[in-house]
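In the working numbering, the protein residues as written are 414 to 509.
For every residue, glycine included, the Cβ atom is placed at its ideal position computed from N, Cα and C.
Note that the coordinates shown come from a computational prediction; the quantities given were computed from them, not determined experimentally.
Below is one structure, written out as structure tokens, with a few remarks after it.
This is the structure in structure tokens:
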């Protein structure tokens with residue numbers, strides 16, 4: 414399983430671990446990923462996703478999963494979430 418946030422596309426960063434003697438060794442900085450179930454109002458069910466804590470806070474700030482997906486461009490989203498976005502847009506179009 415890759416270490417990529419399904420909503421924001423946040424991935425690992427690579428840098429140097431610098432000691433007091435200025436010795437540099439490679440280090441990876443991993444995102445804080447959590448397995449969460451987010452509720453979709455349009456679909457009326459929960460969706461299990463692997464999301465970074467930054468992405469989770471962003472979703473809550475915007476007002477839920479449906480609002481977040483409709484405002485976010487497809488290039489950041491994973492394939493599974495893009496399909497979910499299309500399904501949510503279809504449900505909202507038929508409801509309106």
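- Item | Proximity of residue 421 and residue 489 at Cβ, strictly below 8 Å | Position 8 of the chain shown, counted from the start, is the residue given in the question as residue 421. Position 76 of the chain shown, counted from the start, is the residue given in the question as residue 489. With contacts defined as CB atoms closer than 8 Å, residue 421 and residue 489 qualify as a contacting pair.
- Item | Residue interval of the beta strand (DSSP E) (run including residue 492) | The residue you call residue 492 lines up with position 79 of the chain shown. No beta strand (DSSP E) holds residue 492; the alpha helix (DSSP H) holding it covers 492-508.
- Burial state of residue 479 (16 or more Cβ within 10 Å): On the chain shown, residue 479 is found 66 positions in, with the first residue counted as 1. Result: buried.
- Can you grab the Cα-Cα spacing for the pair residue 376 / residue 507, in whole Å? With the chain covering 414 to 509 only, the question about residue 376 has no answer from this structure.
- Query: What are the start and end residues of the beta strand (DSSP E) that includes residue 450?
  - Reply: What you label residue 450 is simply residue 37 of the chain shown in a count that begins at 1. Element bounds for residue 450: 446-453.
- Would you decide whether residue 455 is buried or exposed? Buried here means 16 or more other CB atoms lie within 10 Å of its CB. By one-based count along the chain shown, residue 455 stands at place 42. Flag for residue 455 reads buried.
- Item | Residue nearest to residue 459 in terms of C-alpha spacing, selected from 415, 425 and 477 | Locating residue 459 in the chain shown gives position 46, where the first residue counts as 1. Comparing Cα positions, the closest option is 477.
- Message: Quick check: residue 445 and residue 432, are their CB atoms within less than 8 Å of each other?
- Response: Mapped onto the chain shown, residue 445 falls at position 32. Mapped onto the chain shown, residue 432 falls at position 19. Not in contact: residue 445 and residue 432 (Cβ atoms no closer than 8 Å).
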